[in-house]
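Novice: Let me begin by handing over the structure; questions about it come next.
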Amino acid sequence: MPDEKAIDTCAEGNLKWTRKKMSKSEFHRADERRFLDERGSSGPLAPNGLNPATIMEKAVRERIIDSYFYKEQCFGVNEADIVDRVVEHVDFIGGVYGTVQKPSPFLCLAFKLLQLAPSDDILNEYLQFGGEKFKYLRALALFYIRLTRKDQDVYKTLEPFLEDRRKLRRKGRNGTSLTYVDVFVDDLLTKDRVCATSLWKMRKRDILEDLDILEPRVSPLGNIEDLLEEEDEEMRKAEEEQNNNGSESEGEVQVEVEILFPVPITGQEEKLTDEIEIEIKDTGRPQ
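The opening residue of the sequence shown carries number 1 in the UniProt record's numbering; numbering runs sequentially from there.
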């Protein structure tokens with residue numbers, strides 16, 4: 001396995017490159033009024049055609065804006081600062097949690113990404129960060145891509161991460177539980193609501209394959225039809241072996257039988273031993 005220190009060093013180097021890549025004009029302004037008060041009416045739409053300011057429900061948006069974490073940690077940050085916020089403050093995924101339905105730092109930063117609208121290059125940098133230190137950054141980027149990108153782009157981007165087996169903490173109304181990155185990705189692809197956010201309805205993968213928009217996905221386990229055929233062949237071989245074992249039992253067998261007869265005159269029992277030839281025929285079904 002690769003050294004985690006080497007992975008972190010490489011990731012930090014990529015982070016510095018990301019910061020240098022963004023010019024001053026791309027930095028986010030501290031004024032929140034344009035996005036929150038106007039509700040994104042004057043800004044560009046997301047690539048999937050949705051308004052980024054209204055992707056999350058109004059009740060969730062109000063909880064996020066009123067939260068202490070959003071006011072303190074999400075004010076005037078840019079795409080590079082998001083990495084620092086995730087590493088320092090995010091140690092679980094989830095939407096709202098607790099009895100007071102407090103928004104999680106994960107959800108607050110996802111809402112901030114909706115405001116920043118990072119480019120595909122920045123999102124790819126988020127996804128390429130490896131190691132345990134940046135696994136929640138990857139989860140955040142995957143969640144944002146599911147909210148804002150087109151269905152074919154969502155499938156192409158998220159499906160490779162179904163092989164990520166790293167553990168994640170999930171916190172919700174019922175407490176904290178353990179999950180995995182691949183399970184989280186599968187939820188994003190199959191469920192209608194994740195992290196207190198209603199996901200827009202995508203076309204199913206079968207439809208996109210019929211329209212020649214997507215290529216058929218090849219599972220890491222192999223072709224499912226081939227696996228089913230192999231399983232059927234193994235079952236047929238097992239049945240043939242059972243039938244062969246049953247046919248070998250046909251023949252003549254000598255059995256030694258001991259029969260005890262009571263003798264009424266003497267009151268004693270007389271022991272008789274006889275060899276009886278019994279022909280056993282296997283009819284293939286119970287008698």
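Where is the CB? At the ideal position from N, CA and C, for every residue including glycine.
Just so it is clear, the structure is predicted and the values come from calculations on it, not from any experiment.
#1: Skipping 5 residues on each side, what residues in its chain have a beta carbon closer than 6 Å to that of residue 237?
#2: When the Cβ atoms of the segment 145–157 are set against those of the segment 67–86, are three or more pairs found closer than 8 Å?
#3: Taking the straight line between their C-alpha atoms, what separation do you get for residue 135 and residue 95?
#4: Should residue 59 be labelled buried (16 or more other beta-carbon atoms within 10 Å of its own) or exposed?
#5: What would DSSP say about residue 140, mapped onto helix, strand or coil?
#6: Would you kindly report the start and end of the unbroken alpha helix (DSSP H) that includes residue 217?
#7: What residue range does the alpha helix (DSSP H) around residue 114 cover?
#8: When burial is assigned at 16 or more other CB atoms within 10 Å of the CB, is residue 173 buried or exposed?
#9: Nearest-angstrom Cα distance between residue 159 and residue 128?
#10: Here's the rule I'm using: 16 or more other beta-carbon atoms within 10 Å means buried, otherwise exposed. How should residue 207 be labelled?
#11: Just curious, the beta strand (DSSP E) that residue 158 is in, first and last residue?
Specialist: Considering the structure as presented:
#1: Along the sequence shown, one-based indexing puts residue 237 at 237. Counting only residues of its own chain and dropping the five nearest sequence neighbours on each side, residue 237 has no CB closer than 6 Å to any other CB.
#2: no
#3: Here residue 135 refers to the residue found at position 135 of the sequence shown. Here residue 95 refers to the residue found at position 95 of the sequence shown. Spanning the two alpha carbons is a distance of roughly 17 Å.
#4: Against the sequence shown, residue 59 aligns to sequence position 59. Its Cβ having fewer than 16 others within 10 Å, residue 59 is exposed.
#5: Translated into the one-based positions of the sequence shown, residue 140 becomes position 140. In the three-state reduction of the DSSP assignment, residue 140 falls in the helix class.
#6: As a first step, residue 217 must be located in the sequence shown, where it is residue number 217. Per DSSP, residue 217 belongs to no alpha helix (DSSP H) and is neither H nor E.
#7: Numbered from its first residue, the sequence shown carries residue 114 at position 114. Residues 105–116.
#8: The count along the sequence shown starts at 1 and reaches residue 173 at position 173. Exposed: under 16 other Cβ atoms inside 10 Å.
#9: Position 159 of the sequence shown, counting from 1, holds the residue named residue 159. Position 128 of the sequence shown, counting from 1, holds the residue named residue 128. So the alpha carbons of these two residues sit roughly 15 Å apart.
#10: The residue you call residue 207 lines up with position 207 of the sequence shown. Exposed: under 16 other Cβ atoms inside 10 Å.
#11: In the sequence shown, the residue the question calls residue 158 occupies position 158. Note, residue 158: premise wrong, no beta strand (DSSP E); alpha helix (DSSP H) at 151–158.
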